[in-house]
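Peer 1:
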Amino acid sequence: MKLYVFEPYDVLSFGGLKHFGAGQTHISRSSFPPPIMRFFHLFEKVYGVFIKQQDQLYLPAPADLLKERKKEDSTSVRALKLKGEIPFLSGTDKAYESVGDAFISYEDFTKNYVKRRECLCVYPLEEFIQKEFRVGIGLDKERHIAKESLLYSQEFLRLKNSHLTVLAEGMQQNIKGNIVPIGGERKVAFLKEEPVRLFEESVRIERGKLYKFYCLSHLYVDGGLKRGKVLKISGMNFSLVWLFNKGVEYVSGFAKPFLQMLKPGSVLVLEALASGGFGCQVCQVESTPPEWRYESFLERGWNSGILWEV
Numbered sequence: 142m143k144l145y146v147f148e149p150y151d152v153l154s155f156g157g158l159k160h161f162g163a164g165q166t167h168i169s170r171s172s173f174p175p176p177i178m179r180f181f182h183l184f185e186k187v188y189g190v191f192i193k194q195q196d197q198l199y200l201p202a203p204a205d206l207l208k209e210r211k212k213e214d215s216t217s218v219r220a221l222k223l224k225g226e227i228p229f230l231s232g233t234d235k236a237y238e239s240v241g242d243a244f245i246s247y248e249d250f251t252k253n254y255v256k257r258r259e260c261l262c263v264y265p266l267e268e269f270i271q272k273e274f275r276v277g278i279g280l281d282k283e284r285h286i287a288k289e290s291l292l293y294s295q296e297f298l299r300l301k302n303s304h305l306t307v308l309a310e311g312m313q314q315n316i317k318g319n320i321v322p323i324g325g326e327r328k329v330a331f332l333k334e335e336p337v338r339l340f341e342e343s344v345r346i347e348r349g350k351l352y353k354f355y356c357l358s359h360l361y362v363d364g365g366l367k368r369g370k371v372l373k374i375s376g377m378n379f380s381l382v383w384l385f386n387k388g389v390e391y392v393s394g395f396a397k398p399f400l401q402m403l404k405p406g407s408v409l410v411l412e413a414l415a416s417g418g419f420g421c422q423v424c425q426v427e428s429t430p431p432e433w434r435y436e437s438f439l440e441r442g443w444n445s446g447i448l449w450e451v
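Numbering (our numbering), first residue to last: 142 to 451.
Take a look at the structure:
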């Protein structure tokens with residue numbers, strides 16, 4: 142696994158699967174972080190999409206982080222803990238809510254969040270990205286003129302002193318040089334490899350102990366997720382104790398069915414059903430959509446995440 146950094150020359154757009162038609166829906170939205178499939182033309186396998194600002198890497202904030210409700214300063218947050226099989230916050234009578242589309246630094250994630258320390262900070266997406274709108278109009282393809290009532294706006298993303306980064310492996314053979322297309326409208330960016338390695342610590346698994354699985358990519362599990370469901374992660378069985386849901390969205394690729402998948406940042410709390418170990422923290426939940434046409438779902442990086450003992 143390697144970390145790759147993109148420096149775009151212009152704004153970017155990553156469209157979702159929501160229906161858009163000029164004259165019906167007047168704003169075409171961009172999504173961030175985009176699904177890993179937006180980078181399959183560059184890499185053989187993609188594990189996750191992040192942001193880099195200056196020398197710090199930022200990941201989507203885990204779904205079990207909460208901020209004080211209606212508080213303007215939302216950088217200081219707390220993590221839910223499990224008491225038995227129920228999540229709770231101790232030592233407060235204030236109301237808390239989800240941190241939403243926020244990000245947490247890699248340093249804070251590994252040194253504080255994973256080790257269950259309370260001193261956590263998250264940063265809203267607006268810290269890294271500015272949204273811009275550009276006006277377009279639908280065209281009459283037969284007469285080559287503009288159609289009436291088809292004016293629309295398209296949302297673009299401009300990185301603010303930050304860069305888009307992906308954790309991936311295996312550069313596609315047809316990629317030559319460092320200038321690559323990225324996102325909608327074939328925008329281009331300068332691509333470089335970072336000399337860092339992430340989440341390479343080994344993980345010892347002991348039967349009966351609890352572990353967390355943080356979703357780096359979108360995650361799909363055949364039959365859905367419910368308490369007690371047995372999940373196989375890199376060949377080992379775990380029982381689902383709790384799910385902190387970051388939200389779901391439909392994801393699809395070329396000639397592929399629509400899949401409703403958990404968004405990156407979702408957190409699964411698991412109980413190990415056997416003992417063993419992993420060579421590094423990055424692993425995958427083993428599940429393949431029944432209608433997937435090719436044996437490439439896991440091979441491309443879907444269902445990737447980070448596992449550690451609670």
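In this text, a Cβ means the ideal position worked out from N, Cα and C, and glycines have one as well.
Output the distance between the C-alpha atoms of F331 and F438, rounded to the nearest integer angstrom.
Peer 2: Cα-Cα distance, rounded: 28 Å.
Peer 1: Where F161 and V392 are concerned, what is the direct C-alpha to C-alpha distance, given to the nearest angstrom?
Peer 2: Below a pLDDT of 50, predicted positions are generally treated as unreliable, and F161, at 46, falls in that range; no measurement from the model is reported.
Peer 1: Find out if the Cβ-Cβ distance for the pair A309, E390 is shorter than 9 Å.
Peer 2: No; because the gap between Cβ atoms is not below 9 Å, this pair is not in contact.
Peer 1: Below 8 Å CB to CB, which residues in the same chain sit around K328 once its five sequence neighbours on both sides are set aside?
Peer 2: P149, Y150, D151, V152, L153, S154 and P322.
Peer 1: Nearest-angstrom Cα distance between G365 and I227?
Peer 2: Whole-angstrom Cα-Cα distance: 20 Å.
Peer 1: Between S428, Y355, E334 and D242, which has its C-alpha nearest P175's C-alpha?
Peer 2: That would be D242, whose Cα lies nearest to the Cα of P175.
Peer 1: Going by beta-carbon coordinates alone, are L409 and W443 separated by less than 9 Å?
Peer 2: Their beta carbons are not under 9 Å apart, which means L409 does not touch W443 by this criterion.
Peer 1: Which of helix, strand or coil does DSSP assign to R338?
Peer 2: Three-state DSSP puts R338 in coil, outside helix and strand.
Peer 1: Taking the alpha carbon of L357 as the point to measure from, which residue in Y199, H182 and Q194 has its own alpha carbon closest?
Peer 2: Per the Cα distances, Y199.
Peer 1: Is DSSP giving G325 helix, strand or coil here?
Peer 2: In the structure shown, G325 sits in a helix (DSSP, three-state: H, G or I).
Peer 1: Put I177 into one of helix, strand or coil per three-state DSSP.
Peer 2: Three-state result, I177: helix.
Peer 1: Within the continuous beta strand (DSSP E) that includes W383, where are the two ends?
Peer 2: Counting along the chain, the beta strand (DSSP E) containing W383 begins and ends at M377 to F385.
Peer 1: Using C-beta distances below 8 Å, list every residue in its chain close to I320, excluding the 5 sequence neighbours before and after it, in chain order.
Peer 2: Contacts found: V329, A330, F331 and L332.
Peer 1: Run through DSSP, which three-state label would K367 get?
Peer 2: Residue state, collapsed to three classes: coil.
Peer 1: For W449, which residues does DSSP report across the bridge?
Peer 2: Answer is K353.
Peer 1: If L298 sits next to K272, beta carbons under 8 Å apart, how far is it from one beta carbon to the other, in whole angstroms?
Peer 2: So it is a contact: roughly 6 Å between Cβ atoms.
Peer 1: To the nearest angstrom, report how far apart P203 and H182 are at their CA atoms.
Peer 2: Between P203 and H182, the C-alpha separation is close to 28 Å.
Peer 1: What whole-angstrom Cβ distance do S374 and V426 have, given they're in contact under 8 Å?
Peer 2: Reading the sequence as shown, one finds Ile at residue 374 and not Ser. Contact flag correct, Cβ pair sits at about 6 Å.
Peer 1: By DSSP, does T429 sit in helix, in strand, or in coil?
Peer 2: The answer is coil: DSSP assigns T429 none of H, G, I, E or B.
Peer 1: Here's a check: name, in chain order, each residue in its chain whose Cβ is nearer than 6 Å to the Cβ of L266, leaving out the five neighbours to either side.
Peer 2: Once the five neighbours on either side are set aside, the close Cβ partners of L266 are D242.
Peer 1: Could you work out which residue in E412, K350, C260 and M178 is closest to L207 when comparing CA atoms only?
Peer 2: Among E412, K350, C260 and M178, the Cα nearest to that of L207 is on C260.
Peer 1: Near V362, which residues of its chain fall below 6 Å by C-beta distance, leaving aside the five closest residues on each side in sequence?
Peer 2: These residues qualify, in order along the chain: S428.
Peer 1: Note down the Cα distance separating T306 from F229, rounded to an integer number of angstroms.
Peer 2: Spanning the two alpha carbons is a distance of roughly 33 Å.
Peer 1: Give me the Cα-Cα distance between K461 and F379, rounded to the nearest whole angstrom.
Peer 2: In the structure as shown, the chain starts at 142 and stops at 451, and residue 461 therefore has no counterpart that could be examined.
Peer 1: Can you give me the C-alpha to C-alpha distance between D205 and Q197, rounded to a whole angstrom?
Peer 2: Roughly 22 Å between the two C-alpha positions.
Peer 1: How is L266 classed by DSSP in three states: helix, strand or coil?
Peer 2: In the structure shown, L266 sits in a helix (DSSP, three-state: H, G or I).
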